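> Residue numbers (full-length UniProt numbering): 1 to 378.
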Amino acid sequence: MYRVLPPAHGFRWVVGGPNNTLRVPQHLFDGNVPPPVVVTAIEQVAAARSASRVFSATALTSQDCNLRCPYCIQNTSSSPVQRVSDIRMTPERATKVAQYICAAAARGEADQITLLLFGGEPLMAPEACQVLLENVRPTNASVWTNGALLTASRIDPLVDRGLDTIFVTFDGGRTTHDLTRSNLAGRGTYDLVLANVLETAKRHPHLNWVVRSSLMPQTADTQHALVADLSQLPKRAATASLILGLVDDIGIGFDNVTPYSPDVAAEMVSINRAARAAGFHTSLRTPISSCVYCSDPTLGITIDADGTLYSCWQTAGRTEWSIGSLKDGIDPAQLPQRWVACDVNAAPHGNTAERDNFWNLVDQDILDASIGLDPNDE
Ligand code: SF4
1 MYRVLPPAHG FRWVVGGPNN TLRVPQHLFD GNVPPPVVVT AIEQVAAARS ASRVFSATAL
61 TSQDCNLRCP YCIQNTSSSP VQRVSDIRMT PERATKVAQY ICAAAARGEA DQITLLLFGG
121 EPLMAPEACQ VLLENVRPTN ASVWTNGALL TASRIDPLVD RGLDTIFVTF DGGRTTHDLT
181 RSNLAGRGTY DLVLANVLET AKRHPHLNWV VRSSLMPQTA DTQHALVADL SQLPKRAATA
241 SLILGLVDDI GIGFDNVTPY SPDVAAEMVS INRAARAAGF HTSLRTPISS CVYCSDPTLG
301 ITIDADGTLY SCWQTAGRTE WSIGSLKDGI DPAQLPQRWV ACDVNAAPHG NTAERDNFWN
361 LVDQDILDAS IGLDPNDE
């Protein structure tokens, strides 16, 4: 599978996935179809990658969270919909979860395991995180955190046990982040999270950082301030990426949703350019259908804090979407209806044409920058 971006500068990008792209002269296309040699090259790279079997496990060590974001898909007591419990994974349960992951990876004939520690806020159950890392011994290990608990006592033992990547979430710069990412007392967390990130990066210069900042109408104007603040991340030390994410309404009536529009695409391009100038990587959109965690039941699983199995983190904690348990494994009868991807019940940000146009504009700029094309040469 590949996609073709619209013509620009006499060329078109053919995209088979991250680091699997080719820039092809427009005159070689037959309509929207690239020449066969290009298709073959893209498919060969994709096939070589899929030859490596990686089992991707998501473990929600805590459904509970120390923040109260209004759009949350997890446990937010202020939400009109109570979706999940506030359970945390015990170390004993983590041992069983680790055994399940290793056995499932062996059944899937995987030669590598990727482990994502997720929540709620996973660092609310630090011992469970340690047990998982010790017992799974994954090839790659990451944690997805809101950063407020990113302290030495919680994170250093995880780094010692193989944690290599930290995903940290922001809602733009200080003024907008503090409006939505507040703690139980209603106080904003921006300064705390920023300080935690910079301190952790100083102590662990080899860590990879992925900053995930929500792009909502209200955060558009403050993303540049976030980039500027995070540009203090030690450059040589960190491999840092910026991902701008569109926040979904997943059925709770959250109405601060960003539409797929050329104006928003232009905003995203502008923020991405600032991020690259500050030393961050920016990456192409990965369609949810290619998500390594939920695209193949033999090579991925999401396990809730209570040991219930799900296909993805968005359905985790909602028993009507459960596909099995640690004890009994996946129930094959549930797979056709309940093996779903994370946007299963998200309201769309626009129609298909608007979506494609949006990501084409954003990805074109990332690809052009990757070969040093001057963005002003348009
Ligand atoms: S930090 Fe994450 S899990 Fe916690 S309330 Fe916000 S979006 Fe939900």
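Backbone N, C-alpha and C define an ideal beta-carbon position, used for all residues, glycine too.
Note that the structure is a prediction, hence the values are computed from the model and not measured.
(1) Say yes only if the C-beta of Thr-169 is nearer than 7 Å to one or more non-hydrogen atoms of the ligand SF4, and no if none qualify.
(2) Rounded to the nearest angstrom, what separates Ala-125 and His-9 at their Cα positions?
(3) Are Arg-285 and Trp-359 close, meaning C-beta to C-beta below 8 Å?
(4) What does Gly-329 pair with, by DSSP beta-bridge criteria?
(5) Report all residues from its chain with a CB closer than 6 Å to the CB of Gly-317; omit the five preceding and five following residues, and keep chain order.
(6) Considering only the alpha carbon of each residue, which of Leu-230, Asp-263, Asp-306, Leu-309 lies closest to Asn-357?
(7) Which complete beta strand (DSSP E) runs does the stretch 108 to 172 hold, if anything under 3 residues is left out?
(8) Spatial neighbours of Cys-312 within its chain, please: C-beta separation below 7 Å, excluding the five flanking residues on both sides.
(9) Relative to the C-alpha of Asn-351, which residue among Tyr-260, Asp-164, Thr-169, Gly-372 is closest?
(10) Would you call Ala-238 buried or exposed, if buried means 16 or more other Cβ atoms sit within 10 Å of its Cβ?
(11) Taking contact to mean at least 3 C-beta pairs separated by less than 8 Å, is the stretch 30 to 50 in contact with the stretch 151 to 161?
(12) Mind checking whether Thr-95 and Gln-112 have CB atoms under 8 Å apart?
(13) For a minimum of 3 consecutive residues, which ranges assigned as the beta strand (DSSP E) are wholly contained in the stretch 9 to 71?
(14) If I follow the unbroken beta strand (DSSP E) through Asn-208, where does it start and stop?
(15) Would you mind reading off the limits of the beta strand (DSSP E) that contains Thr-352?
(16) Among Gln-218, Pro-217, Leu-244, Met-216, whose alpha-carbon lies nearest the alpha-carbon of Val-227?
(17) Tell me whether Leu-309 sits in a helix, a strand or coil according to DSSP, three-state version.
(18) Have a look at Arg-49, Ile-166, Thr-319, Val-33 and flag the residue whose alpha-carbon is nearest the alpha-carbon of Asn-19.
(19) With a threshold of 6 Å on Cβ separation, who are the neighbours of Ala-240 within its own chain once the five nearest residues in sequence on each side are excluded?
(20) Any heavy atom of the ligand SF4 closer than 7 Å to the beta-carbon of Glu-121?
(21) Would you list the residues sitting across from Ile-87 in a DSSP beta bridge?
(22) For the alpha helix (DSSP H) containing Thr-180, name the first residue and the last one.
(23) Take every Cβ of the stretch 116 to 125, pair it with every Cβ of the stretch 52 to 71, and state whether three or more of those distances are shorter than 8 Å.
(24) Have a look at Thr-189, Val-4, Ile-371, Arg-212 and flag the residue whose alpha-carbon is nearest the alpha-carbon of Pro-35.
(25) Would you identify the three-state DSSP class for Ala-278, choosing helix, strand or coil?
(26) Report the option in Leu-132, Ala-353, Arg-187, Gly-31 whose CA atom is closest to the CA atom of Asp-160.
(27) Using only the alpha-carbon positions, how far apart do Leu-163 and Leu-179 sit?
(28) Given the structure, does Cys-72 come close to the ligand SF4, in the sense that its CB is under 7 Å from one of the ligand's heavy atoms?
(29) Could you name the residues of the same chain whose beta carbon sits closer than 7 Å to that of Ala-98, not counting the 5 residues immediately before and after it, in chain order?
(30) Among Thr-21, Thr-315, Gly-188, Ser-52, which residue has its Cα nearest to the Cα of Ala-110?
(31) Would you kindly report the start and end of the unbroken alpha helix (DSSP H) that includes Thr-200?
(32) Closer than 7 Å to a non-hydrogen atom of the ligand SF4 - does that hold for the CB of Val-140?
(33) Would you mind reading off the limits of the alpha helix (DSSP H) that contains Ala-228?
(34) By a C-beta neighbour count over all protein chains shown, 10 Å radius and 16 as the cutoff for buried, is Met-1 buried or exposed?
(35) Reducing DSSP to helix, strand and coil, say where residue 385 ends up.
(36) To the nearest angstrom, report how far apart Arg-174 and His-204 are at their CA atoms.
According to the data block:
(1) Counted from its first residue, the sequence shown places residue 169 at position 169. The ligand SF4 approaches Thr-169 closely enough that one of its heavy atoms is under 7 Å from the residue's Cβ.
(2) Here residue 125 corresponds to residue number 125 of the sequence shown, with the count starting at 1. Here residue 9 corresponds to residue number 9 of the sequence shown, with the count starting at 1. Distance between the alpha carbons of Ala-125 and His-9: 52 Å.
(3) On the sequence shown, residue 285 is found 285 positions in, with the first residue counted as 1. On the sequence shown, residue 359 is found 359 positions in, with the first residue counted as 1. Yes, these two residues count as a Cβ contact at 8 Å.
(4) Walking along the sequence shown from the start, residue 329 turns up at place 329. The beta-bridge partner set that DSSP reports for Gly-329 consists of Ser-325.
(5) Taking the sequence shown and counting its residues from 1, the one referred to as residue 317 is at position 317. Once the five neighbours on either side are set aside, the close Cβ partners of Gly-317 are Gln-63, Val-84, Asp-304.
(6) Here residue 357 refers to the residue found at position 357 when the sequence shown is read from its first residue. Of Leu-230, Asp-263, Asp-306, Leu-309, the smallest CA-CA separation from Asn-357 is found for Asp-263.
(7) Qualifying beta strand (DSSP E) stretches, in chain order: 112 to 119, 140 to 145, 165 to 170.
(8) Along the sequence shown, read from residue 1 onward, the residue named residue 312 stands at position 312. So the qualifying residues of the chain are Tyr-293, Cys-294, Thr-302, Val-340, Ala-341, Cys-342.
(9) Numbered from 1 along the sequence shown, position 351 holds the residue referred to as residue 351. Of all alpha-carbon atoms in Tyr-260, Asp-164, Thr-169, Gly-372, the one lying nearest the alpha-carbon of Asn-351 is that of Tyr-260.
(10) Your numbering for residue 238 matches position 238 in the sequence shown. The predicted model places Ala-238 with a pLDDT of 47, which falls under 50 and marks its position as unreliable; any figure quoted below should be read in that light. So Ala-238 counts as buried.
(11) Too few Cβ pairs lie closer than 8 Å, so no.
(12) Position 95 of the sequence shown holds residue 95. Position 112 of the sequence shown holds residue 112. Cβ atoms of Thr-95 and Gln-112: not closer than 8 Å.
(13) Whole beta strand (DSSP E) segments, 3+ residues: 11 to 17, 20 to 25, 54 to 62.
(14) Along the sequence shown, read from residue 1 onward, the residue named residue 208 stands at position 208. Counting along the chain, the beta strand (DSSP E) containing Asn-208 begins and ends at 208 to 215.
(15) Taking the first residue of the sequence shown as position 1, residue 352 is located at position 352. Thr-352 -> not in any beta strand (DSSP E); alpha helix (DSSP H) instead, spanning 352 to 370.
(16) As a position in the sequence shown, residue 227 is number 227, starting the count at 1. If we check each option's Cα against that of Val-227, Leu-244 comes out closest.
(17) On the sequence shown, position 309 is the one that residue 309 refers to. Strand.
(18) Translated into positions along the sequence shown, residue 19 becomes position 19. Among Arg-49, Ile-166, Thr-319, Val-33, the Cα nearest to that of Asn-19 belongs to Arg-49.
(19) Mapped onto the sequence shown, residue 240 falls at position 240. Around Ala-240: Trp-209, Leu-233, Phe-280.
(20) As a working note, residue 121 is residue 121 in the sequence shown. For Glu-121, the shortest separation between its Cβ and any heavy atom of the ligand SF4 lies below 7 Å.
(21) Sequence index remark: in the sequence shown, residue 87 carries index 87 (1-based). DSSP, once it has assigned bridges, lists no residue as partnering Ile-87.
(22) Within the sequence shown, numbered from 1, the residue matching residue 180 stands at position 180. In this chain, the alpha helix (DSSP H) harbouring Thr-180 covers 174 to 180.
(23) These segments touch.
(24) As a position in the sequence shown, residue 35 is number 35, starting the count at 1. Closest by alpha carbon: Val-4.
(25) For the purposes of this step, residue 278 is identified with residue 278 of the sequence shown, where counting begins at 1. Looking at Ala-278 - three-state DSSP - the assignment turns out to be coil, as it is neither helix nor strand.
(26) The sequence position of residue 160 within the sequence shown is 160, counting from 1. Measuring from the Cα of Asp-160, the nearest candidate turns out to be Leu-132.
(27) As a position in the sequence shown, residue 163 is number 163, starting the count at 1. As a position in the sequence shown, residue 179 is number 179, starting the count at 1. When rounded, the separation of the alpha-carbon atoms in Leu-163 and Leu-179 is 31 Å.
(28) Here residue 72 refers to the residue found at position 72 when the sequence shown is read from its first residue. Look at Cys-72: its beta carbon is less than 7 Å from one of the heavy atoms in the ligand SF4.
(29) Numbered from its first residue, the sequence shown carries residue 98 at position 98. The answer, listed in chain order, is Val-131, Leu-132, Asn-135, Val-136.
(30) Along the sequence shown, read from residue 1 onward, the residue named residue 110 stands at position 110. In this structure, Ser-52 is the residue among Thr-21, Thr-315, Gly-188, Ser-52 with its C-alpha nearest to the C-alpha of Ala-110.
(31) Looking up residue 200 in the sequence shown gives position 200. Residues 190 to 203.
(32) Along the sequence shown, read from residue 1 onward, the residue named residue 140 stands at position 140. For the record, residue 140 in the displayed sequence is Asn; it is not Val. No, the Cβ of Asn-140 stays beyond 7 Å of every heavy atom of the ligand SF4.
(33) Here residue 228 corresponds to residue number 228 of the sequence shown, with the count starting at 1. Per DSSP, Ala-228 belongs to the alpha helix (DSSP H) from 223 to 230.
(34) Within the sequence shown, numbered from 1, the residue matching residue 1 stands at position 1. Exposed.
(35) Coverage of the chain is limited to positions 1 through 378, which leaves residue 385 absent and any answer about it impossible.
(36) Position 174 of the sequence shown holds residue 174. Position 204 of the sequence shown holds residue 204. If you draw a straight line from the Cα of Arg-174 to the Cα of His-204, it is about 25 Å long.
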